[in-house]
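Colleague: Residue numbers (this note's numbering), protein chains in the order written: chain A, 2 to 138; chain B, 2 to 138; chain C, -7 to 111; chain D, -7 to 111; chain E, 409 to 506; chain F, 409 to 506. Encoded as structure tokens, here's the structure I'll be asking about.
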Amino acid sequence: MATTKLAFIVQRPPYKSENPKLALTHAIASQSVEIYLSDGDMVEPVIAFIGDGVLNCLKNQKAMETYGIISTENHIKNSLLVDLKVLVCKEDIARFGLSEDAIVLDAEEMGADMKVQVVSFDEITKEMESANHLLFF
Amino acid sequence: MATTKLAFIVQRPPYKSENPKLALTHAIASQSVEIYLSDGDMVEPVIAFIGDGVLNCLKNQKAMETYGIISTENHIKNSLLVDLKVLVCKEDIARFGLSEDAIVLDAEEMGADMKVQVVSFDEITKEMESANHLLFF
Amino acid sequence: MGKLTIGCFSSLVGSMSLDFAVKLASAAIDKGHRVDLWVSGNGTTLAKKGQKPFKDYSYLAKSVTELTAKGLQVTACEACAEARGYHKEDTMEGVKRFSMDWYLASCFDADRVLHIGGE
Amino acid sequence: MGKLTIGCFSSLVGSMSLDFAVKLASAAIDKGHRVDLWVSGNGTTLAKKGQKPFKDYSYLAKSVTELTAKGLQVTACEACAEARGYHKEDTMEGVKRFSMDWYLASCFDADRVLHIGGE
Amino acid sequence: MRLGIFVSDFRNSVDTLDRLKAEKLGIILVQNGVYHATVKENGKSSPILDKSTSLYALYEDLATRGLTSADVDSRVKVVTYSDVVDLIFNEYEKLAWL
Amino acid sequence: MRLGIFVSDFRNSVDTLDRLKAEKLGIILVQNGVYHATVKENGKSSPILDKSTSLYALYEDLATRGLTSADVDSRVKVVTYSDVVDLIFNEYEKLAWL
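See the structure below:
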């Protein structure tokens, strides 16, 4: 019985490449990883948006209307729906002059209990320290 | 009878993507473009390396030994061999503290008469002005 | 009405530059312009037959098919495609494969050239 | 001896990151380590059957075939491949296709994970 | 020359824009380039907005990223793909995608 | 944590390196990252070389670009792929590719 903790750190804005989105879909895949593992073994992901990566978290992304693809916003909400831990760097939100109101913070309309946590970079560093492996996107 | 002048401007270092190399191979393709054109019509390419792009011009690139691919250096020499005009920005060479000795300047060993010209950015601007179209790599 | 030649060297799906190129081509054709689209390097993936639509991924095959019917010329760099294991039979209907000189010839009589060569 | 899991999300040929991943895998296997290689996004192009060698283009198909014979596990993201028109029959021999959870499972018991997610 | 420059990145890895000279120079912000029109870092607008008086940002790429006209700097005009076609053919004779 | 950071670009589009903290932090320059070890701009070395005392540059990527050990800053150790494997398993426990 073991748990491997993986930290998915998103440091780039959305849509230039699909990598920020792939961070979320890979983290969500932790829900089905047990088919490969022994009983009781787990993969525990944590997702953190830092630097320009916090721009992934803006509300009202119209990617489906404009380019026919599911928005990164939607993928963040899907992550909350399966109870993943999602962190956004407080200092970077301040640097961009964004109010918390402009940021995806919950997926209540989808029935998710989990919320996005706005935390200091020091908190995110602690998550990296407690993770077994780091995956930067 | 018309000539269309295309300016291929390389502004990024080699090998991160294959784009700087594709600038050269596309410019070289001007040699065979006549099959698509009327008699006397021509495409005249000029290649200019600016900014970090001047790093494409360093001598002794061992890309074949290390990764099994023809070096960008070799493609510059092939361009000279088919008499293309190749320019390198003088100010950027100075900025990187490179001597002209460190830069590919000719392909004499392959029998090319043409030489790489080290010119000021103002000269390169004039080439862009006289070109019909610009292609930045 | 003019002729616009677009060259795009970025990857399908991964980068949105091909999406940009296709949408711009569509808008220009709607206004009565002629458009040539050259895909080279990783951009040749646009020409692959059998792309599967997922809502998660950008899906351009349908737009390309519609636009070629409206006169868009799409040509993929032959060597770039072969290097990636895309052979002639892997190419989407309506899309051509030629050497790089095709792109230069298209630029020859174009009124405007938009070369998307960024990374 | 340890286990190294490498994830690579960059395109074949266009970026040298897949070259890096394959060379690092080879060096690690030569030292007796176990290596898993996960290719996702545009990295799935590494798994395409029928890549043609040109001296102008990076050609990794041969190295991958040799390394899988030496125990390298290469798995491509199934959805990413399908979106690009790579189906099961397009996949190089010795390379597997699974969902993203395969990568997480490989990370689970890896001693080291090198995730190449840059652009 | 009349030069239309497409900026598609928020963090540019090249300094070409600082050097290009043209009698008429327009900047069309597309893809992640649209953040130059909307984001203030530490209260400051992007220096790109000082490079030209003809500034455009693509509506579709703003909307994709959750941005609206209200977020866009007043110096920047929001345009659609259809407008970009007209800019290409009517306002500029040469184009550069950096 | 003991963190090995791979830098693969000459112009970084992210500022993550400036923020990461670790008891032991090593920087492995690969691909176009090797220019940090060799290029002086206006006479100045790359500021990346001040971020750590454990600096490495990949031999194969130097050679590819026409660079030799003689071009490399004295603070940086030239390593092969085989050496990188040992760094990964013996010197660091977590890895970051920025």
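For each residue, glycine too, the CB sits at the ideal point set by N, CA and C.
My output table needs one value for Lys88 of chain C: the three-state DSSP class, helix, strand or coil.
Modeller: In the structure shown, Lys88 of chain C sits in a strand (DSSP, three-state: E or B).
Colleague: Which chain F residues are close to Lys23 of chain D, counting only those with a beta carbon under 8 Å from its beta carbon?
Modeller: The answer, in chain order, is Ser490, Val493 and Asp494.
Colleague: Which term fits Gly63 of chain D, buried or exposed, when burial requires 16 or more other beta carbons within 10 angstroms of its beta carbon?
Modeller: Exposed is the call here.
Colleague: Mind checking Ile36 of chain A: buried by the 16 CB within 10 Å criterion, or exposed?
Modeller: Exposed, because fewer than 16 other Cβ atoms sit within 10 Å of the Cβ of Ile36 of chain A.
Colleague: Hey, does Ser7 of chain D have any beta-carbon neighbour from chain B nearer than 9 Å?
Modeller: Output row for Ser7 of chain D: interface = yes.
Colleague: Straight-line CA distance for Ser416 of chain F to Tyr443 of chain F?
Modeller: Using only the alpha carbons, I get a separation of about 10 Å.
Colleague: So within the stretch 426 to 458 of chain F, which uninterrupted alpha helix (DSSP H) runs reach at least 4 residues, ignoring any that extend past its ends?
Modeller: Segments of the alpha helix (DSSP H) lying fully in the stretch 426 to 458 of chain F: 443 to 446.
Colleague: Do you know whose CA, among C:Val27, C:Asp48 and C:Glu74, lies nearest Tyr16 of chain A's CA?
Modeller: It is C:Asp48.
Colleague: Run through chain C and tell me which residues come within less than 9 Å of Ala75 of chain D, C-beta to C-beta.
Modeller: Residues of chain C passing the Cβ test: Leu4, Val5, Gln43, Lys44, Pro45, Phe46, Asp48, Tyr49, Ser50 and Tyr51.
Colleague: Please report the straight-line C-alpha distance between Ile(-2) of chain C and Asn133 of chain A, rounded to a whole angstrom.
Modeller: Near 46 Å, if we compare the C-alpha coordinates of Asn133 of chain A and Ile(-2) of chain C.
Colleague: What residue range does the alpha helix (DSSP H) around Val493 of chain E cover?
Modeller: That run of the alpha helix (DSSP H) goes Tyr489 to Asp494.
Colleague: Shorter than 9 Å from the beta carbon of Ala132 of chain A to some beta carbon of chain F?
Modeller: Taking Cβ atoms only, chain F reaches closer than 9 Å to Ala132 of chain A, which makes this a yes.
Colleague: Measure the alpha-carbon distance for Leu425 of chain E versus Gly(-6) of chain D and round it to whole angstroms.
Modeller: Approximately 48 Å, taken between the alpha carbons.
Colleague: To the nearest angstrom, report how far apart Ala430 of chain E and Ala504 of chain E are at their CA atoms.
Modeller: For Ala430 of chain E and Ala504 of chain E, the distance between alpha carbons rounds to 12 Å.
Colleague: When burial is assigned at 16 or more other CB atoms within 10 Å of the CB, is Ser72 of chain B buried or exposed?
Modeller: Buried: at least 16 other Cβ atoms inside 10 Å.
Colleague: Could you tell me if the beta carbon of Arg427 of chain F falls within a distance shorter than 8 Å of some heavy atom in the ligand ADP?
Modeller: Only the bare structure without any ligand can be found here, which leaves the ligand ADP out of the picture.
Colleague: So the alpha helix (DSSP H) Phe97 of chain B belongs to, where does it begin and stop?
Modeller: No alpha helix (DSSP H) holds Phe97 of chain B; DSSP gives it neither H nor E.
Colleague: Kindly indicate which three-state DSSP category Ser55 of chain D falls into: helix, strand or coil?
Modeller: Residue state, collapsed to three classes: helix.
Colleague: Which bits of chain C does Ile71 of chain A rub up against, with CB to CB less than 7 Å?
Modeller: Within chain C, the residues near Ile71 of chain A are Lys47 and Asp48.
Colleague: I'd like the list of long-range same chain contacts for Tyr467 of chain F, defined as Cβ closer than 7 Å, with 5 residues on each side in sequence excluded.
Modeller: Answer for Tyr467 of chain F: Val486, Val487 and Thr488, listed in chain order.
Colleague: Could you check what DSSP says for Glu45 of chain A in three-state terms: helix, strand or coil?
Modeller: Correct three-state label for Glu45 of chain A: strand.
Colleague: Which residue wins for smallest C-alpha separation from Val11 of chain A, given the options A:Ile104, A:Val55 and A:Met65?
Modeller: Val11 of chain A has its Cα closest to that of A:Val55, out of A:Ile104, A:Val55 and A:Met65.
Colleague: Given this structure, state the Cα-to-Cα distance separating Asn498 of chain F from Lys127 of chain B, to the nearest angstrom.
Modeller: So the two alpha carbons sit approximately 55 Å from each other.
Colleague: Chain F beta carbons: is any one of them nearer than 9 Å to that of Leu81 of chain A?
Modeller: No, because no Cβ of chain F sits closer than 9 Å to the Cβ of Leu81 of chain A.
Colleague: Would you mind sorting Asn61 of chain A into buried or exposed? The rule is 16 or more other CB atoms within 10 Å of its CB.
Modeller: Answer is exposed; the Cβ neighbour count stays below 16.
Colleague: Just checking: is the beta-carbon of Tyr443 of chain E within a distance shorter than 9 Å of some beta-carbon in chain C?
Modeller: By this cut-off, Tyr443 of chain E is not an interface position.
Colleague: Relative to the C-alpha of Ile108 of chain D, which candidate in D:Ala53, D:Gly33 and D:Gly24 has its C-alpha closest?
Modeller: Of D:Ala53, D:Gly33 and D:Gly24, the residue nearest in Cα terms is D:Gly33.
Colleague: Taking C-beta to C-beta, are Ser7 of chain C and Ile70 of chain A nearer than 9 Å?
Modeller: No, the pair does not count as a contact, with Cβ atoms beyond the cut-off.
Colleague: Nearest to Asp114 of chain A by alpha carbon, out of A:Cys90, A:Leu85 and A:Asn57?
Modeller: Nearest option by C-alpha distance: A:Leu85.
Colleague: DSSP three-state label for Phe12 of chain D, please.
Modeller: Of the three classes helix, strand and coil, the one that applies to Phe12 of chain D here is helix, per DSSP.
Colleague: Give me the chain C residues within the contact set of Tyr68 of chain A, using Cβ-Cβ distance strictly less than 9 Å, ordered along the chain.
Modeller: Those within 9 Å of Tyr68 of chain A in chain C are Met8, Asp11, Lys15 and Ser50.
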